[in-house]
Amino acid sequence: MFPYMALAARDSSMPFDSTHTFIYKTAAANMPKHDFEAISQRQPVLMNNSAEFQSILKYFEIKPGYNFMVRLFHSLGFNLVSATYLPSIISYFLIGFLILMWMQKMIPSPYSAFTSLLLMASPFLVTTARYSSPDMLCALFSFAGLYIMIESSVMVGLIVSLIAITIRPEAIILYLFTTFAFEKSKRLTPSTASWFRALAVLTTFFTLKGPGILMDYLFTNPDSQNSESLIQNYGSSLVSGFNSILSSQLLFFTFIAIITIFLMRKSGQNLFKDVWPLLILGVIGTFVVRYFLHPDIEDRSLISGYLIIIVGFCRELSILLLPKQNVL
């Protein structure tokens with residue numbers, strides 16, 4: 156929360172020490188006392204040392220789409236604390252609206268409404284909706300883009316999904332798998348798919364401001380970049396990352412994805428030519444690639460993939476149980 160507040164309040168005419176003091180005073184004034192103390196004491200050195208605080212801002216500047224939304228809400232009159240979590244809350248409800256619309260195409264009412272409410276009560280969604288982070292906003296654009304691709308226009312959907320990369324650069328992983336799925340299913344020509352992939356790479360490059368920050372992303376163990384053996388420390392990061400997998404819902408959703416692929420094959424779909432099997436396989440691929448790029452799994456960074464698996468699974472159940480339904 157605090158770095159995003161600082162980026163929204165930063166003024167080139169003001170010394171950063173003043174900005175640093177201002178954001179903590181603002182947070183203390185607009186948060187319950189116990190919440191402020193709990194959050195600020197997680198990294199007390201950042202609260203007490205403005206230079207240390209300023210040094211970590213580079214990890215938050217690479218999410219310009221989210222920072223733009225925070226500044227927008229702040230300019231509309233919301234305090235800086237509210238401006239950081241409003242994008243998550245609004246995105247949560249918009250995702251719920253999209254899920255309901257999709258479920259209504261697959262499941263008769265009122266079961267579609269009940270299913271949607273049940274899904275929106277999932278911990279990985281409810282918890283993330285409370286965060287002052289770009290995760291829910293990124294999931295909204297990725298998921299909305301896919302909805303548009305399936306239900307309306309592939310080109311428009313790809314443009315919408317592209318915005319997610321400016322919110323969280325790692326969204327490019329799922330984006331590339333998505334373009335591959337639509338290309339192989341003949342819904343996107345190879346040349347158009349190549350153009351969109353190139354555009355995604357360029358967007359990511361300019362968002363990250365170069366490849367330098369990727370080294371920080373690869374190594375999750377402290378001081379691993381300063382070691383003489385980068386390979387050894389990267390291996391150590393991979394091993395220690397297994398604990399994060401076990402504490403997340405990744406294995407559960409991977410299991411659901413495998414079941415979904417089995418149902419798709421049973422219903423006669425071609426796993427390597429039909430768009431939905433390719434999307435589910437792409438999500439699994441995203442999980443694997445993301446882990447090797449950053450061996451620290453958190454459910455909030457995988458929301459888009461979880462949602463695709465959920466919709467794909469519900470789609471296959473509707474085909475199996477309601478064969479007369481015309482499901483896309």
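According to our numbering, the sequence shown is numbered sequentially starting from 156. Every residue, glycine too, gets a C-beta built ideally from N, C-alpha and C. Since the model is a prediction, treat every value here as computed from it, not as a measurement.
_Measuring straight from C-alpha to C-alpha, what distance separates S379 and N388?_
Legend: pLDDT at S379 = 47, less than 50; position of this residue unreliable, value from coordinates given subsequently. C-alpha separation (whole angstroms): 5 angstroms.
*What is the DSSP secondary structure of N185, reduced to helix, strand or coil?*
helix
*Leaving out the 5 sequence neighbours to the left and right, which residues in its chain are closer than 7 angstroms to R445 when beta-carbon positions are compared?*
E325, I328
*asked:* On the criterion of 16 or more Cβ atoms from any shown chain inside 10 Å, does R197 qualify as buried, or is it exposed?
replied: exposed
*Count the other CB atoms, across all protein chains shown, that sit within 10 Å of the CB of G312; report buried if there are 16 or more and exposed otherwise.*
buried
*From F520 to S456, what distance separates their C-alpha atoms?*
Lying outside 156 to 483, the shown extent of the chain, residue 520 is not represented and no answer is given.
*Below 8 angstroms between beta carbons: does that hold for I262 and C469?*
yes
_Just to check my reading of the structure: L227 and P158 have Cβ atoms closer than 8 angstroms, yes? What is that Cβ distance to the nearest angstrom?_
No, L227 and P158 are not in contact; Cβ-Cβ is about 17 angstroms, not under 8 angstroms.
_8 angstroms CB neighbourhood of Y286 in its chain, flanking five on each side removed_ = Y240, S243, R455
*Take the Cβ of E471 as the centre, count every other Cβ of all protein chains shown within 10 Å, and call the residue buried at 16 or more, exposed below.*
buried
*In angstroms with no decimal places, state the Cα-to-Cα distance between Q424 and I463.*
17 angstroms
*Within 10 angstroms of its Cβ, does V200 collect 16 or more other Cβ (buried), or is it exposed?*
exposed
*8 angstroms contact criterion, which F332 and A348 should meet: CB distance rounded*: Not really, about 11 angstroms apart at Cβ, beyond 8 angstroms.
*Where does K218 land, buried or exposed, given buried means 16+ other C-beta within 10 angstroms?*
buried
*asked:* Using the three-state DSSP reduction, which class does G423 fall into: helix, strand or coil?
replied: coil
*asked:* Rounded to the nearest angstrom, what separates P433 and A161 at their Cα positions?
replied: Note that residue 433 is Leu in the sequence shown, not Pro. So the alpha carbons of these two residues sit roughly 41 angstroms apart.
*Ignore the nearest five residues each way along the sequence and tell me which others in P170's own chain have a CB closer than 8 angstroms to its CB.*
none
_Which listed residue (F269, V443, L280, I439) has its alpha carbon closest to that of G396_ = V443
*Which ranges does the alpha helix (DSSP H) cover as unbroken runs of at least 4 residues, wholly within the segment 189 to 224, from first to last along the chain?*
199 to 203, 205 to 210, 213 to 216
*Thinking C-beta only, is I458 closer than 8 angstroms to L280?*
yes
_C-alpha gap between H175 and A294, whole angstroms_ = 30 angstroms
*Take I439 and list the residues in its own chain whose beta-carbon comes closer than 7 angstroms to its own, dropping the five residues that flank it on each side.*
T409, A412
*Thinking C-beta only, is N222 closer than 8 angstroms to A163?*
yes
*Exposed or buried, T394, counting other C-beta atoms within 10 Å across all chains shown (16 or more means buried)?*
Just to set this straight, residue 394 is Val in the shown sequence, not Thr. By the 10 Å Cβ count, V394 comes out exposed.
*Once you ignore the five residues that flank P450 on each side, which residues in its own chain have a CB closer than 6 angstroms to its CB?*
T375, S392, L393, G396
*In the DSSP assignment, find the alpha helix (DSSP H) that holds L476 and state where it starts and stops.*
458 to 476
*Do you know offhand how far E192's Cα is from G232's?*
25 angstroms
*Answer with buried or exposed for M256, where buried requires no fewer than 16 other C-beta atoms within 10 angstroms of its C-beta.*
exposed
_So, for M156: in the same chain, excluding its five sequence neighbours on each side, which residues have a beta-carbon less than 6 angstroms away from its beta-carbon?_
T239, S287
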